[in-house]
Structure formats: structure tokens, C-alpha cells
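Notes to accompany the following structure.
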Amino acid sequence: MVSNVKLIILDYDLTIMDNIYDFYLSVAESFYVRTGLYMGFTQFYDLLVNDNLYSFVNNIVGFNGSFWRDMRRSICKSHSLKPANGLIEFLVFVKKLGLKTVVVTGRECHSIQVKLDLEKTGLIDYIDEVFTMLDLIINGGKEDFLFDKSWLIEFVCRKFGVEPREAIYIGDYRLDYESSLKAGCEFIGLTWIPERMKLLLNNGVSRLAVDFREALIHVIDMMRV
1 MVSNVKLIIL DYDLTIMDNI YDFYLSVAES FYVRTGLYMG FTQFYDLLVN
51 DNLYSFVNNI VGFNGSFWRD MRRSICKSHS LKPANGLIEF LVFVKKLGLK
101 TVVVTGRECH SIQVKLDLEK TGLIDYIDEV FTMLDLIING GKEDFLFDKS
151 WLIEFVCRKF GVEPREAIYI GDYRLDYESS LKAGCEFIGL TWIPERMKLL
201 LNNGVSRLAV DFREALIHVI DMMRV
């Protein structure tokens, strides 16, 4: 087996961590602070899985980048520690393949906070580094659209001395896919939520997985030349 793949980049929330309630709490808190309105979990879930959350919030609070920045900081207070199905096996296997593994998250906090949570689950032993949106800000990066991680992906690739085409980014959302296209790396869409799986498919994602066991099959296939 000859490989051109050298780096695996993993999204954090709703990809390697099954933590939808963390995401809900951060959005609901930021929404309440600005509007005084309560957003129930059912309402949030329906908006999220159908990709209507962004437009719903903006229609009420206006296009306000500070809302989403506050939300990205607020989620850092949540610490659900439920790894996604098949993640441990995936990390062990790619480590044996000699690949580097990095976490890139949309959270706007210091990477040490994410590392501490990964340490509690034992996952940190298989993760080479963690980068957050705070790293983007500190290093003068740019975000052309909300949750645009393309600059971070390119930054990570430079740090590890690989070309973007030699990296695979695994994420759960349309904007993860758009970030990968912009950066020029391969992409695997991973979600256990059927509606989000359909959204990824409708947006042109060709490699889809419901868990990390399926993602591993894709990685091995992509390593073949």
C-alpha cells in the first residue's frame, strides 16, 4: 500500500465528541442574553439538523458576528466527554499507519482546555496537536465565512510540513466541507444524524460515514494509489 495521506484533521464538536447538548446550551444562552427569549432543545434541534439555525438567529438578532463569537466562547464552558462511536479504534489504527492526527475546533478558547478534556477520556495519547479559533485570531488568520476553518487547516498543514492535498479533514457539517474545499484537502463527512447526512450528500460530499469505523474504511481506501 502506497500512501499520499500524511495527516488526519478532526473536527471536535459533533464529530469526535457526541455532545449536541453542549452546542445547544451555548446557542440558547447567547440567544437568551440578546433577546430574553428561551430556545427549547426541540426547537434548537430541528433548526440545527435542517441547517436553519444560522438564518433563524440572524433574522431575530440581526447579522451580528458577536453573537456567534459569544456562542463559540460559551461552548468552552461545557465538558461533555462522550467520544463518538468507533473513535478509539480509529485513532489507534491511524497511529499504527504512521499518520499524524490533529484536532481543529470552532471553539474560541485556548487549546489547553480542549486538551484537558481529551486527557480525561484518554484520547490525548493519540492526538498530536489541537488548534482552535483562538489560534486563528492570535496568528492573524482570517475567517471569510462563519466557522470558516480553511485558514486553520492550511496553518496546520504548514506546521506539520504537509501539503493540504496530503491531509484528510473529517467533519460533520456543510461548512466543514466548504472549508476543506477552500483549503484543498480531502474530506469525509461524518454524522450519526440522518438529516445532516442528507444535507452533506445534497451539498456534494461523496465520502460519508455514520461513525469512525466507516470513516476508517474511507481513509484506507484514500491511501491506496
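Residues 1 to 225, numbered by the working numbering, are exactly what the sequence shown covers, in order. C-beta: ideal position from N, C-alpha, C; glycine also.
Three-state secondary structure (DSSP) of residue i
i                : result
methionine 1     : Reliability of the predicted coordinates at methionine 1 is poor, the pLDDT of 36 falling under 50, and no value is obtained from them.
isoleucine 220   : helix
isoleucine 193   : coil
isoleucine 127   : coil
cysteine 109     : coil
tyrosine 38      : coil
phenylalanine 31 : helix
leucine 146      : coil
valine 92        : helix
serine 66        : helix
serine 180       : helix
Bridge partner(s) assigned by DSSP for residue i
i              : result
methionine 17  : Asp13 and Pro83
isoleucine 188 : Ile170
leucine 7      : Lys100 and Ala167
leucine 208    : Gly189
Where the beta strand (DSSP E) through residue i begins and ends
i              : result
isoleucine 168 : 167-171
Where the alpha helix (DSSP H) containing residue i begins and where it ends
i                 : result
cysteine 157      : 150-159
phenylalanine 226 : This structure does not reach residue 226, given that the chain is present from 1 up to 225, and the question cannot be answered.
isoleucine 137    : 133-138
Residue i and residue j closer than 7 angstroms at C-beta
i                 : j          : result
phenylalanine 212 : glycine 86 : yes
Exercise for the section: For the stretch 179-186 and the stretch 16-29, state whether three or more C-beta atom pairs, one from each stretch, are separated by less than 8 angstroms. Expected result: no
Handout entry: Meets three-Cβ-pair contact criterion under 8 angstroms: the stretch 90-99 and the stretch 52-69
Key = no
Exercise for the section: Take every Cβ of the stretch 168-177, pair it with every Cβ of the stretch 188-198, and state whether three or more of those distances are shorter than 8 angstroms. Expected result: yes
Practice task
Check whether the stretch 27-38 touches the stretch 147-154, taking contact to mean three or more Cβ pairs, one atom from each stretch, closer than 8 angstroms.
Solution key: no
Exercise for the section: Indicate whether the contact test is met: 3 or more Cβ pairs, each with one atom in the stretch 39-54 and one in the stretch 191-203, closer than 8 angstroms. Expected result: yes
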